[in-house]
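To keep things clear, I will list the structure first and then write my remarks on it.
In my numbering, the protein residues as written are 6 to 298.
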């Protein structure tokens, strides 16, 4: 009985970077759901779908938790994360749509014009329209978003990350680039020289921004603090592993073990090895001044 199922409008997509095009799909679904008196549900995949399909390493711009937060900010009610198992991915196009309809009382679907679904991506928007018409369901197809004639895509965002191109990343995402994660205890090198930092673990399959020193900010308990962010190695101390280390200006609290987000808004300089701690401290003073603006 459909009475036991959530009445929903489904936003279909991978939404791997939740860029402006993705948000347009989700917002369109929300608008339709509001008109239909339904919930806005996003359908996407939990695992690294591109790596699974291509059978080779594929970096992800954002973690599952980050993607979820971005989508909930748009106003979705529920996110259904499908597994990237062989069983699920081998589901045919009809079986896939039937699966969704068994789970939800669907009023409509919203997706991008290039959306494909089912085994080998055999399902497309035309098939979706035919299926929905037979069930008296609405389908809205969202045109691809472009900037200066270039299609907004996760692939483009990845290239910008490699170049540290924060201004264009912001234009494509519709928000400042950010990294979220758990703050962990490290060697407290920054604290020893008078510049305490928070250190955030980076997942190994994450597509990272170009190594460098950046200006940015954090929001802690509703208050915004400027920050200087070192993303990459720490060669002055012969620490070569990739790490996000941020000095939060004018903040002295303890954030160990907490989940937090660091936002990047300006590239300052390359990472370099300093001859002494005093030289490093003088440079950090300059970095802080630049971050304050």
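A virtual CB, placed ideally from N, CA and C, is assigned to each residue, including glycine. On a predicted model such as this, the values are computed, not experimentally measured, just so you know.
Between the beta-carbon of residue 31 and that of residue 43 there is about 14 Å, and that puts the pair past the 8 Å contact cut. Runs of the beta strand (DSSP E) lying entirely within the stretch 161–227 and spanning at least 3 residues, in chain order: 182–187, 203–205 and 217–225. Beta-bridge analysis with DSSP links residue 252 to 233.
Within the same chain, Cβ atoms closer than 6 Å to the Cβ of residue 10 are found at 109 and 110, the five residues on either side in sequence being excluded.
Separation of residue 55 and residue 126 (C-alpha to C-alpha, rounded to the nearest whole angstrom) is 13 Å. Our two residues, residue 225 and residue 254, have alpha carbons roughly 12 Å apart in a direct line. Leaving aside the five residues that flank residue 83 on each side, the residues in its chain whose CB is nearer than 8 Å to its CB run, in chain order, 11, 13, 44, 45, 46 and 47. Counted as a single uninterrupted DSSP element, the beta strand (DSSP E) harbouring residue 270 occupies residues 264–274. DSSP, reduced to helix, strand and coil, places residue 18 outside both helices and strands of the structure shown, so it counts as coil. Within the same chain, no Cβ atom closer than 6 Å to the Cβ of residue 164 is found once the five residues on either side in sequence are excluded.
Residue 182 is positioned such that its CB atom lies closer than 7 Å to that of residue 269. Put simply, the stretch 20–37 touches the stretch 153–171. At least three CB pairs are less than 8 Å apart. Residue pairing for residue 122: DSSP places it in a beta bridge opposite 128. Going by beta carbons, residue 233 and residue 174 fall outside the 7 Å limit. Per DSSP, residue 150 is not a residue of any beta strand (DSSP E), being assigned neither H nor E. Around the beta carbon of residue 264, fewer than 16 other beta carbons lie within 10 angstroms, which makes this residue exposed. For residue 40 and residue 119, the gap between their C-alpha atoms comes out near 25 Å.
Counting only runs of at least 3 residues, the stretch 14–59 fully encloses the following beta strand (DSSP E) elements, listed from N- to C-terminal order: 44–50.
With contacts defined by Cβ atoms closer than 7 Å, residue 186 and residue 205 form a contacting pair.
Annotation: residue 130 to residue 137 spans about 10 Å, alpha carbon to alpha carbon. Taking C-beta atoms as the reference points, residue 251 and residue 203 count as a pair closer than 7 Å. Contact between residue 53 and residue 89 holds: their C-beta atoms lie close to 7 Å from each other, under 8 Å.
Residue pairing by DSSP puts residue 65 in a beta bridge opposite 211.
Excluding five sequence positions before and after residue 105, the CB atoms of its chain that fall closer than 8 Å to its own CB belong to 15, 48 and 111, given in chain order. When DSSP states are grouped into helix, strand and coil, residue 110 belongs to the strand group. In this chain, the alpha helix (DSSP H) harbouring residue 93 covers 91–94. Taking all protein chains shown into account, residue 257 has fewer than 16 neighbouring C-beta atoms within 10 Å of its C-beta and is therefore exposed.
Of all alpha-carbon atoms in 113, 51 and 71, the one lying nearest the alpha-carbon of residue 94 is that of 51.
In the three-state scheme derived from DSSP, where H, G and I count as helix and E and B as strand, residue 280 is classed as coil.
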